[in-house]
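Take a look at the structure set out below.
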Amino acid sequence: MLEVEQLVMEYGRFRAVDRCTLTVEKGHITGLIGPNGAGKTTLFNMIAGAITPTSGRIRYLGEEITGLPADKRFHRGLVRTFQIPHEFHRLTVLENLMMVPGRQAGESLLANWFAWGKVAQDEREIEARAHETLDFLELGHVADEKAGNLSGGQKKLLELGRTMMTDAKLVLLDEPAAGVNRTLLRKLEEKIAILNRERGYTFILIEHDMEMIEKLCHPVICMAEGRVLIEGDFKTVRSDPRVLEAYLGET
Ligand code: ATP
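Residue numbers (the working numbering): 2 to 252.
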């Protein structure tokens with residue numbers, strides 16, 4: 002579904018991502034782990050089109066997308082979430098889900114900026130889809146709350162909900178577990194697993210929470226210092242001496 006080939010991102014003389022090559026298979030939840038500063042988010046930014054790689058290639062669904070603008074990738078079903086949720090905090094939870102480009106110029110700009118949204122549809126259809134999404138995420142009781150008042154975990158669920166309002170095929174999840182309490186964490190895991198198993202979403206999941214990675218991800222890819230160190234099942238990757246050394250070097 003996604004092929005990243007020899008991808009490099011340089012900031013001045015510093016290589017944040019260094020000749021990174023990996024493949025993501027359709028239908029999988031691929032885990033992306035690695036110590037702080039390994040280059041995981043920078044890689045996501047390049048795949049989503051937020052930044053342009055210094056060199057290398059990205060192919061998605063059989064086509065090269067290396068130079069394709071973020072919104073075009075988004076409309077092909079390549080969608081991302083952020084480590085720090087990007088909800089519109091003054092809008093209600095329902096309104097956040099209903100944000101679509103083309104409805105109002107300002108909204109459209111914002112939606113495109115964050116690469117969120119979807120081509121205009123019938124308003125009622127969108128609202129019905131938003132309610133379905135809230136039911137699925139068990140967030141119906143906060144539909145009319147301002148999104149800014151939600152807990153950290155609820156915001157992460159809402160972030161996942163916004164991907165469900167699109168025709169997402171490949172979803173890049175950036176640290177969904179960060180700032181989420183244990184109860185909501187289990188719920189988030191369950192929802193991601195259902196979206197993958199029953200609704201056909203393919204995920205790449207950046208996460209420091211190893212329990213979540215172990216439960217959800219196969220394969221797991223570990224990055225360090227901008228490079229892919231190893232790819233395999235969780236136990237193999239976690240016990241590999243290179244991975245242990247990379248994490249030890251972090252402290
Ligand atoms: P974490 O797990 O802490 O989120 P990460 O693996 O996602 O880390 P990145 O955020 O991709 O790591 O950062 C990789 C390296 O690139 C870091 O050393 C970071 O400081 C550097 N970096 C990222 N963005 C920029 C930038 N715009 N300019 C300069 N350096 C940057």
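Cβ atoms here follow ideal geometry from the backbone N, Cα and C, with glycine treated the same way.
Coil, strand or helix - residue i by DSSP
i	result
GLU199	coil
TYR248	helix
ALA225	strand
LEU135	helix
LEU159	helix
GLU146	coil
PHE235	helix
LEU140	coil
GLN7	strand
LEU92	coil
LEU151	coil
Residue burial classification, residue i (beta-carbon count within 10 angstroms, cutoff 16)
i	result
GLN7	exposed
TYR12	exposed
ILE199	The sequence given here places Glu at residue 199; Ile does not occur at that position. Classification for GLU199: exposed.
GLY32	buried
PHE1	Because residue 1 is not part of the residues shown, which for the chain are 2 to 252, the question remains open.
THR164	buried
Beta-carbon gap between residue i and residue j smaller than 8 Å
i	j	result
GLY35	ALA225	yes
LEU3	LEU135	no
LEU62	ARG77	yes
VAL18	THR43	yes
THR82	LEU196	no
LEU274	ILE222	The question about residue 274 has no answer, for the chain in this structure spans 2 to 252.
THR55	VAL5	no
ASP145	THR93	yes
GLY40	GLY233	no
Any non-hydrogen atom of the ligand ATP closer than 7 Å to residue i Cβ
i	result
ASN37	yes
TYR12	yes
THR31	no
GLY57	no
ALA51	no
THR22	no
LYS157	no
THR82	no
GLY40	yes
ALA17	yes
THR261	Only positions 2 to 252 of the chain appear in the structure, and residue 261 is not among them; the question remains open.
CB contact below 8 Å: residue i versus chain B
i	result
ALA131	Protein chain content of the structure displayed is limited to a single chain, and chain B is not contained in it.
Item to complete: Report the residue ranges of all beta strand (DSSP E) runs contained in full by the segment 165–222; include only those spanning at least 3 residues, in chain order.
Response: 171–175, 203–207
Item to complete: List in chain order: all unbroken beta strand (DSSP E) runs of 3+ residues lying wholly within the segment 9–84.
Response: Segments of the beta strand (DSSP E) lying fully in the segment 9–84: 15–25, 30–34, 56–61, 79–81.
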